[in-house]
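Chemist: For the protein sequence lines, the chains are R and X, in the order given. Here the first sequence stands for residues 0 to 327, numbered as in numbering that gives the first Met the number 0. Here the second sequence stands for residues 0 to 760, numbered as in numbering that gives the first Met the number 0. Idealized CB from N, CA, C, for every residue including glycine. Once you've had a glance at the structure underneath, I'll fire off some questions.
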Amino acid sequence: MALQALVTDIHSLSAHDGPGMRTTVFFKGCSLRCAWCHNPETIRKEQEITWEAEKCLGCHACEMVCPVKAISFNRESNYIIDRESCIACELCVEVCPAEALKTAGEKYSVEELYERIVKDEPFIKGAGGGVTFSGGEPLLQVDFLKELAKKLKERSFHLALDTCGMVPPEHLQGMLPLTDLVLFDLKEMDSRKHKVFTGAGNERILRNLFVMRDYIRERNLKTEVWIRTPLIPGMTDTEENIYAIGDFLAQEFSGMISRWELLGFNNMCTTKYRKLGISWPLAEEELLPAGQTRYLLEVARKAGKGLKEISFSGLTRREKVVPPRMNG
Amino acid sequence: METIVLPDKKSSIRKSARLQKLHERNLYLAQNHKRDLFVDNAEFLVYHWSGQAATFSPATGELAAAEDQRINIGDHNCRVDNGEPFPYVEEMPSKVKGFSYDANNFAEDYAFFLDKSPVVIHPYERIVGEFHWQLDEARFFQYPEENRKLGFEARKLGAGGISFTHTTPDLGIGLKLGWGGILEKIRKSRAKHEKNGYRQGVEYLNAAETVTLSIIRYVKRYAEEAERRARSEKDPELKENYEIVARTCRNIVTDAPSTFIEAIQWINFFQVAERIIGHGNGYGRLDQLLIDFYRRDVEKGILDHEYARELVAELYLKYGGNYFSFGGRDRDQKDATNEMSWIGIEAYDMLGGYNQLGVMWHPDIDKDFWHYACDVVGRHGAGAPTLVNYDVMRASELRSGYSEEDAWDIAYSGCQWYCSVGKEYSDQDLNSLVLVQPMQRAMKIAAEENITDWEKFWEVYDREVNRTVDVLVEFKNNTYKWQPKVWPEIVTSLCMHGPIENGRDVTDVRAVNNNFTSVNVLGVPNVVDSMYAMKELIFTQKKYTMKRLLEALERNWEGDEVMRHEFLKQPKFGNDIDSVDDMALQVTDHVRELLESKYNIKGFHFRPSLFQFMGHTYAGPMVGATPDGRRAEEPLAHGMNPMHGRNTQGILPTIRSFTKIDYSGFQGGSFQIELHPSFFPDDQDRGTLVELFATNFFEMGGVQINLNVLDIDTLKQAMKDPENPKYRNIVVKVTGYSAHFVVMDRKFQEEFVQRVNYQSL
Ligand code: SF4
Ligand code: SF4
Numbered sequence: 000m001a002l003q004a005l006v007t008d009i010h011s012l013s014a015h016d017g018p019g020m021r022t023t024v025f026f027k028g029c030s031l032r033c034a035w036c037h038n039p040e041t042i043r044k045e046q047e048i049t050w051e052a053e054k055c056l057g058c059h060a061c062e063m064v065c066p067v068k069a070i071s072f073n074r075e076s077n078y079i080i081d082r083e084s085c086i087a088c089e090l091c092v093e094v095c096p097a098e099a100l101k102t103a104g105e106k107y108s109v110e111e112l113y114e115r116i117v118k119d120e121p122f123i124k125g126a127g128g129g130v131t132f133s134g135g136e137p138l139l140q141v142d143f144l145k146e147l148a149k150k151l152k153e154r155s156f157h158l159a160l161d162t163c164g165m166v167p168p169e170h171l172q173g174m175l176p177l178t179d180l181v182l183f184d185l186k187e188m189d190s191r192k193h194k195v196f197t198g199a200g201n202e203r204i205l206r207n208l209f210v211m212r213d214y215i216r217e218r219n220l221k222t223e224v225w226i227r228t229p230l231i232p233g234m235t236d237t238e239e240n241i242y243a244i245g246d247f248l249a250q251e252f253s254g255m256i257s258r259w260e261l262l263g264f265n266n267m268c269t270t271k272y273r274k275l276g277i278s279w280p281l282a283e284e285e286l287l288p289a290g291q292t293r294y295l296l297e298v299a300r301k302a303g304k305g306l307k308e309i310s311f312s313g314l315t316r317r318e319k320v321v322p323p324r325m326n327g
Numbered sequence: 000m001e002t003i004v005l006p007d008k009k010s011s012i013r014k015s016a017r018l019q020k021l022h023e024r025n026l027y028l029a030q031n032h033k034r035d036l037f038v039d040n041a042e043f044l045v046y047h048w049s050g051q052a053a054t055f056s057p058a059t060g061e062l063a064a065a066e067d068q069r070i071n072i073g074d075h076n077c078r079v080d081n082g083e084p085f086p087y088v089e090e091m092p093s094k095v096k097g098f099s100y101d102a103n104n105f106a107e108d109y110a111f112f113l114d115k116s117p118v119v120i121h122p123y124e125r126i127v128g129e130f131h132w133q134l135d136e137a138r139f140f141q142y143p144e145e146n147r148k149l150g151f152e153a154r155k156l157g158a159g160g161i162s163f164t165h166t167t168p169d170l171g172i173g174l175k176l177g178w179g180g181i182l183e184k185i186r187k188s189r190a191k192h193e194k195n196g197y198r199q200g201v202e203y204l205n206a207a208e209t210v211t212l213s214i215i216r217y218v219k220r221y222a223e224e225a226e227r228r229a230r231s232e233k234d235p236e237l238k239e240n241y242e243i244v245a246r247t248c249r250n251i252v253t254d255a256p257s258t259f260i261e262a263i264q265w266i267n268f269f270q271v272a273e274r275i276i277g278h279g280n281g282y283g284r285l286d287q288l289l290i291d292f293y294r295r296d297v298e299k300g301i302l303d304h305e306y307a308r309e310l311v312a313e314l315y316l317k318y319g320g321n322y323f324s325f326g327g328r329d330r331d332q333k334d335a336t337n338e339m340s341w342i343g344i345e346a347y348d349m350l351g352g353y354n355q356l357g358v359m360w361h362p363d364i365d366k367d368f369w370h371y372a373c374d375v376v377g378r379h380g381a382g383a384p385t386l387v388n389y390d391v392m393r394a395s396e397l398r399s400g401y402s403e404e405d406a407w408d409i410a411y412s413g414c415q416w417y418c419s420v421g422k423e424y425s426d427q428d429l430n431s432l433v434l435v436q437p438m439q440r441a442m443k444i445a446a447e448e449n450i451t452d453w454e455k456f457w458e459v460y461d462r463e464v465n466r467t468v469d470v471l472v473e474f475k476n477n478t479y480k481w482q483p484k485v486w487p488e489i490v491t492s493l494c495m496h497g498p499i500e501n502g503r504d505v506t507d508v509r510a511v512n513n514n515f516t517s518v519n520v521l522g523v524p525n526v527v528d529s530m531y532a533m534k535e536l537i538f539t540q541k542k543y544t545m546k547r548l549l550e551a552l553e554r555n556w557e558g559d560e561v562m563r564h565e566f567l568k569q570p571k572f573g574n575d576i577d578s579v580d581d582m583a584l585q586v587t588d589h590v591r592e593l594l595e596s597k598y599n600i601k602g603f604h605f606r607p608s609l610f611q612f613m614g615h616t617y618a619g620p621m622v623g624a625t626p627d628g629r630r631a632e633e634p635l636a637h638g639m640n641p642m643h644g645r646n647t648q649g650i651l652p653t654i655r656s657f658t659k660i661d662y663s664g665f666q667g668g669s670f671q672i673e674l675h676p677s678f679f680p681d682d683q684d685r686g687t688l689v690e691l692f693a694t695n696f697f698e699m700g701g702v703q704i705n706l707n708v709l710d711i712d713t714l715k716q717a718m719k720d721p722e723n724p725k726y727r728n729i730v731v732k733v734t735g736y737s738a739h740f741v742v743m744d745r746k747f748q749e750e751f752v753q754r755v756n757y758q759s760l
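Spelled out as structure tokens, the structure:
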């Protein structure tokens, strides 16, 4: 059978996933379980049915049509789905009149996804942009990814790979020659904490950073690397962590990394969790105050001496004092 | 047209202290409702005919609508309100000697009115001339009863329109001849027609002479007043200004302007003399009109780039929204951009805010100038200049049957319309066809006659659209019969190719080369989505009967929420889905062919335009719920832009759907986008992105793009007033997200307006 991938979303004109305006493809399935995940619908590698309470009319059509009786409604008319027994037949989605039910994860062949991306070509190329593979963890579908990347490279698209690093090293290596830019997430230096926040220690991720460095050097690849660190309130937003990451990067990778971005936390994906029926502990978490991000940026600049560009992007909480420019 | 203006403009071009003072006064006028423009009622916005005034709403006088009834459509007026009605209403010649529908009766009123319009010179001005009243406040402006009857019949079937000053005179004629030269031209032509015994022509030219003489007196009064002030003024700076004004005005009382400043002043006098009879023309390609004056003065050493820019900016300030265009091609189809194009856009860049300037793109346009124009759009974020596609506009003129010679000299002239400069009186922008209405009649017929076959239903639809078009044609033709008698546009005629030569007013038959009638078709995307949903659910799947649907619509879907959602769930135009986009082609081709098959009494066919400036926001409750799942209280779609919130796939699929239509078959169809600053990447300037957008959009065949960048205050207003259609289309974007702002979670909105990071863009 031809290669297929599960994609949750294709986002045209994305301004925040690498240089310029980009088309970002979100692949489904992830190897980490970050507490702050912004794209919870990309975590599981199977198709999932999502339900929007606001749209639901309570007609029970979905319940009636489900062949395996996976759907029920509780007394408050809240939809309950038994994900274990759901076979993703999508009959409920089809029958739902209100579009309250949707399938997260659409199957694409290489050809289909390629055609879809090429439609955006004049817009993304003109703005010095390209295509970003994101997710989830795109490298979990590496065979598909390589095929797609090859075709896109033939048309000289700029390609970026957004990875959490928690992948078999050969997957990463296999994609590097086809990749212009790696957006590599480095979240937490303390492996124990890393395990608490993301479900896994960071050893493999750090190892992959070295693997990537050596591979790029040995083969003389032009691949650029950006490191991205999410600032999560009460988790990764500590001075020690930012200092440790900065220090580590400066020691080992200073020649190779062209940008280190600190990304501000926001809880705007709360509704996504709601649709999946997952309660999310960070739903009520506030934005970081601008003062704190400014301070962390200073820490980062101090620790990461020698790194080319260190910047913050994202939303911050407004304070009384007028904050200075924060973006680079 | 809605534009939202950023309070804080970023421009590197500094204003002189003098210009700053004039700018402040201009802002004061706009913000204090001195430049407001009114219409009688919501029907005017939907049908472009109020059933009351034969024009927009006269601000004062007998035919003015009650204050609490008329609708303020914004600070777009040229008229400067002084809070009083015209003091000499009772002395108007038509009141004293008797009113009649003819050009000379009109001309006498005009001359009296202009003679009684005071000379207004403000300190620091170098370009002068403004007015407080329009002629429709003092002279009876109403068509005979037979015409109004036809108007109401047309409205019943979903159409309407007024015919009034939406053309583009060729100011080059006046700049070459001056008022004296125009007078001479009138008299020569009159002598010729006298000899030939063409009585009507002689009569008309008598009227034109009366009007021209009054304008000459008007200019002379300005010269005299400025001279008087120059003599008595003690302040040396003001004295110098008055001297400049006096000299400029004196030189152009009858003579043609010979310097740059005289040319600008001449243009302003023309605008005043013309706009005083009512609202709205375009004034052509300012860069072409002024380039020779500019070059000559620079050569003589009496002008430089900066001063020219200041004077053009001053010209802009005299007016509420300037209808000039720039760029485009010349007669040989080469790029026409010149130094004046730069000066014209730089002058706007200094001022920012609301304006109606247009830049005409084509693939060969000067790259730097195009980039600059896009940069200005991005920086000021107020949708100005409007970006249009010269080649598509020209192609549409050629397709309609304009000669090559008339089609090349085209100018973007207003909201969505464009004209062959000085060579057409194409009645555009103010005719309306509410396409939803014939569709609704067809649905009723289908229910009564039990039609279950799509092809048959389409036949009924075709018949009903035809019926609406026919009454519109009858109404328009009757209007054309009366127009040169009711409200001749004599000042406009002075700068047109034909009327003076032919002894016929520009509004008359055979006065100019091109006389098409363009009709704004309202609600096209709603009809497209409705037809598609009905085709699927009623005629193909037969899930519902037409009768059942009509019952649900009658109740505004109440109690039929499931059913409404089924109709809503059908594919919608604007998502790059071929099946429903094909329906868009079918519906638009159909209305185009129908209109093109009808002729006006001037011998020209009707044309559709896929845009309407405001009607969509008012038409909802008038037409009721529609089969696209729309509730009655929701607005209709804006022009050909997909229905608000139904284009769920983002901007690019919307553009792809939008440009499947061949716009050379239509008289305009603009694409609206409102972007939040967060949309733009941190590391890229907005101009580059606006340019990228617009260029690609045009290469795909789009004809016009109105691009607004919104600020935080607007978002705050949107939070307070989420039902306001003005805010419905705002798209904001944060990492990994983009959505319509007003439909986002409250919490999200609050957090969003608190963001600081993007403010530093
Ligand atoms: S996708 Fe199929 S199996 Fe899963 S809940 Fe819906 S109807 Fe049931
Ligand atoms: S079919 Fe849709 S609207 Fe009906 S109960 Fe299920 S989710 Fe709600």
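#1: Do alanine 99 (chain R) and cysteine 85 (chain R) have their C-beta atoms closer together than 8 angstroms?
#2: Quick one: does the C-beta of alanine 69 (chain R) sit closer than 7 angstroms to a heavy atom of ligand 1?
#3: Under 7 angstroms Cβ-Cβ, which residues of chain X neighbour cysteine 58 (chain R)?
#4: Would alanine 312 (chain X) be called buried (16 or more neighbouring beta carbons within 10 Å of its own) or exposed?
#5: In the DSSP output, what is aspartate 720 (chain X) paired with across the bridge?
#6: Please check if any C-beta of chain R sits within less than 8 angstroms of the C-beta of histidine 370 (chain X).
#7: Between glycine 649 (chain X) and chain R, is any beta-carbon pair separated by less than 8 angstroms?
#8: Distance check for asparagine 695 (chain X) and proline 652 (chain X), CA to CA, integer angstroms please.
#9: Using DSSP with H/G/I as helix, E/B as strand and the rest coil, what is threonine 506 (chain X)?
#10: Closer than 8 angstroms, Cβ to Cβ, to anything on chain X: give me those residues from the segment 76-96 of chain R, in chain order.
#11: So cysteine 418 (chain X) is in the beta strand (DSSP E); what residue range does that whole segment cover?
#12: Assuming glycine 60 (chain X) and valine 79 (chain X) are in contact, meaning their beta carbons sit under 8 angstroms apart, how far apart are those beta carbons, in whole angstroms?
#13: Report the rounded CA-to-CA distance for arginine 294 (chain X) versus glutamine 270 (chain X), giving the unit in angstroms.
#14: Where are the beta strand (DSSP E) runs, 3 residues long or more, that stay fully inside the segment 183-221 of chain X, in chain order?
#15: Excluding the 5 residues preceding and the 5 following tyrosine 736 (chain X) in the sequence, name in chain order all residues of the same chain whose CB lies nearer than 8 angstroms to its CB.
#16: Roughly how many whole angstroms lie between the Cα atoms of glycine 664 (chain X) and leucine 471 (chain X)?
#17: Closer than 7 angstroms to a non-hydrogen atom of ligand 2 - does that hold for the CB of proline 96 (chain R)?
#18: Please go through the same chain and pick out, in chain order, the residues whose beta-carbon is closer than 6 angstroms to the beta-carbon of histidine 59 (chain R), but skip the five residues on each side of it.
#19: Can you name, in chain order, every residue of its own chain whose Cβ lies under 8 angstroms from the Cβ of lysine 94 (chain X), other than the five neighbours on each side?
#20: Measuring only from the beta carbon, is cysteine 58 (chain R) closer than 7 angstroms to any heavy atom that is part of ligand 1?
#21: Under 8 angstroms, Cβ to Cβ, is there at least one residue of chain X near glutamate 111 (chain R)?
#22: Does DSSP put leucine 180 (chain R) in a helix, a strand or coil?
#23: Would you tell me roughly how many angstroms separate the C-alpha atoms of phenylalanine 163 (chain X) and valine 485 (chain X), rounded to the nearest one?
#24: Cα-Cα, which of R:Ala299, R:Glu238, R:His157 and R:Glu146 is closest to isoleucine 226 (chain R)?
#25: Could you name the residues of chain R that lysine 568 (chain X) contacts, counting a contact when the two beta carbons are closer than 9 angstroms?
#26: Does DSSP classify serine 10 (chain X) as helix, strand or coil?
#27: Since asparagine 695 (chain X) meets chain R, which of its residues come closer than 9 angstroms, beta carbon to beta carbon?
#28: Helix, strand or coil: how does DSSP classify threonine 7 (chain R) here?
#29: Tell me isoleucine 215 (chain R)'s beta-bridge partners as DSSP assigns them.
#30: Taking CB distances under 8 angstroms as the criterion, tell me whether arginine 655 (chain X) reaches chain R.
Modeler: The relevant details are as follows:
#1: Position 100 of the first sequence, counted from the start, is the residue given in the question as residue 99 (chain R). Position 86 of the first sequence, counted from the start, is the residue given in the question as residue 85 (chain R). No, Cβ-Cβ distance for alanine 99 (chain R) and cysteine 85 (chain R) is not below 8 angstroms.
#2: As a position in the first sequence, residue 69 (chain R) is number 70, starting the count at 1. Annotation for alanine 69 (chain R) indicates a beta carbon within 7 angstroms of some heavy atom of ligand 1.
#3: In the first sequence, counting from the first residue as 1, residue 58 (chain R) sits at position 59. Within chain X, the residues near cysteine 58 (chain R) are Val561.
#4: Numbered from 1 along the second sequence, position 313 holds the residue referred to as residue 312 (chain X). Its Cβ being crowded by 16 or more others within 10 Å, alanine 312 (chain X) is buried.
#5: Sequence index remark: in the second sequence, residue 720 (chain X) carries index 721 (1-based). Note: aspartate 720 (chain X) sits in no beta bridge, so no partner.
#6: Sequence index remark: in the second sequence, residue 370 (chain X) carries index 371 (1-based). Taking 8 angstroms as the CB threshold, histidine 370 (chain X) stays off the interface with chain R.
#7: Position 650 of the second sequence, counting from 1, holds the residue named residue 649 (chain X). Chain R places a beta carbon closer than 8 angstroms to that of glycine 649 (chain X), counting this residue as a contact.
#8: Within the second sequence, residue 652 (chain X) is the residue found at index 653, counting from 1. Within the second sequence, residue 695 (chain X) is the residue found at index 696, counting from 1. For proline 652 (chain X) and asparagine 695 (chain X), the distance between alpha carbons rounds to 13 angstroms.
#9: As a first step, residue 506 (chain X) must be located in the second sequence, where it is residue number 507. Collapsing the DSSP output to three states places threonine 506 (chain X) in coil.
#10: Answer in chain order: Pro96.
#11: Along the second sequence, read from residue 1 onward, the residue named residue 418 (chain X) stands at position 419. It spans 417-419 - the beta strand (DSSP E) in which cysteine 418 (chain X) sits, taken as one unbroken run.
#12: Your numbering for residue 60 (chain X) matches position 61 in the second sequence. Your numbering for residue 79 (chain X) matches position 80 in the second sequence. Rounded to the nearest angstrom, the Cβ distance from glycine 60 (chain X) to valine 79 (chain X) is 17 angstroms, too far for a contact under 8 angstroms.
#13: If you number the second sequence from 1, residue 294 (chain X) lands on position 295. If you number the second sequence from 1, residue 270 (chain X) lands on position 271. The straight-line gap from Cα to Cα measures roughly 24 angstroms.
#14: Fully enclosed beta strand (DSSP E) runs of 3 or longer: not present.
#15: Looking up residue 736 (chain X) in the second sequence gives position 737. Low per-residue confidence applies at tyrosine 736 (chain X): pLDDT is 39, beneath 50, and the placement is therefore not dependable enough to give any value.
#16: Here residue 664 (chain X) refers to the residue found at position 665 when the second sequence is read from its first residue. Here residue 471 (chain X) refers to the residue found at position 472 when the second sequence is read from its first residue. Between glycine 664 (chain X) and leucine 471 (chain X), the alpha-carbon positions lie close to 20 angstroms from each other.
#17: As a first step, residue 96 (chain R) must be located in the first sequence, where it is residue number 97. Answer for proline 96 (chain R): yes, Cβ within range of ligand 2.
#18: Sequence index remark: in the first sequence, residue 59 (chain R) carries index 60 (1-based). Within the same chain, and ignoring the five residues on either side of histidine 59 (chain R) in sequence, no residue has its Cβ closer than 6 angstroms to its Cβ.
#19: Locating residue 94 (chain X) in the second sequence gives position 95, where the first residue counts as 1. Excluding residues within five positions, the ones whose Cβ falls inside 8 angstroms are Val88.
#20: By 1-based counting over the first sequence, the position of residue 58 (chain R) is 59. Between ligand 1 and cysteine 58 (chain R), a heavy atom-to-CB distance of less than 7 angstroms is absent.
#21: Within the first sequence, numbered from 1, the residue matching residue 111 (chain R) stands at position 112. Answer no: the Cβ-Cβ gap between glutamate 111 (chain R) and chain X never drops below 8 angstroms.
#22: To locate residue 180 (chain R), count along the first sequence from 1; it is residue 181. When secondary structure is reduced to three states using DSSP, leucine 180 (chain R) falls in the strand class.
#23: For this step, residue 163 (chain X) is matched to residue 164 along the second sequence. For this step, residue 485 (chain X) is matched to residue 486 along the second sequence. Pairing phenylalanine 163 (chain X) with valine 485 (chain X), the inter-Cα distance amounts to about 11 angstroms.
#24: If you number the first sequence from 1, residue 226 (chain R) lands on position 227. For isoleucine 226 (chain R), the nearest C-alpha among the options comes from R:Ala299.
#25: The residue you call residue 568 (chain X) lines up with position 569 of the second sequence. For lysine 568 (chain X), the residues of chain R that pass the 9 angstroms Cβ criterion are Cys95, Pro96, Ala97 and Glu98, in the order they occur in the chain.
#26: Here residue 10 (chain X) corresponds to residue number 11 of the second sequence, with the count starting at 1. Residue state, collapsed to three classes: coil.
#27: In the second sequence, residue 695 (chain X) corresponds to position 696, counting from 1. Annotation: Cβ neighbours of asparagine 695 (chain X) in chain R (cutoff 9 angstroms, chain order): Pro121, Phe122 and Gly125.
#28: Residue numbering aside, residue 7 (chain R) sits at position 8 when the first sequence is read from its first letter. Residue state for threonine 7 (chain R) is assigned as strand, using DSSP reduced to three classes.
#29: On the first sequence, residue 215 (chain R) is found 216 positions in, with the first residue counted as 1. Bridge partners of isoleucine 215 (chain R): none, in fact.
#30: Within the second sequence, residue 655 (chain X) is the residue found at index 656, counting from 1. Among the residues facing chain R, arginine 655 (chain X) is included, as its CB has a counterpart in that chain under 8 angstroms away.
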